[in-house]
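Input: a single structure, listed below in structure tokens.
In this note's numbering, the protein residues as written are -13 to 85.
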């Protein structure tokens, strides 16, 4: 029971850390970057000046690709943080402990 309580405390701390987490997704060789936090909120979009003169469709595709890359990086970072807490156990996100 003490072990479960310790894990629960570690998971709460990890959830607090995830809120502060920031990941940078990129596309077009880094010409488009999206910075996203652990809540999957986009905090910043950076576009290389050279892309502003190209066609709009390509720019929109690069922004979407960079956003998807950021989402994947955030998801992986969250998975890695919780794997550290659970010792590799496959615990579903949001599951409260003790069981």
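Just so you know, even glycine gets a beta-carbon here, dropped at the ideal spot from N, CA and C.
Nothing here was measured: the structure is a model prediction, and the numbers come from that model.
Annotated three-state conformation of residue 44 is helix, per DSSP. In this model, residue 71 and residue 38 are separated by some 44 Å (Cα to Cα). Assigned with DSSP and collapsed to three states, residue 12 falls in strand. Separation of residue 48 and residue 26 (C-alpha to C-alpha, rounded to the nearest whole angstrom) is 18 Å. Contact between residue 33 and residue 45 is confirmed by a C-beta separation of about 7 Å, below the 8 Å threshold.
In the three-state scheme derived from DSSP, where H, G and I count as helix and E and B as strand, residue 67 is classed as helix. The beta carbon of residue 5 sits closer than 8 Å to those of 23, 24, 25, all from its chain and outside the five residues before and after it, given in chain order.
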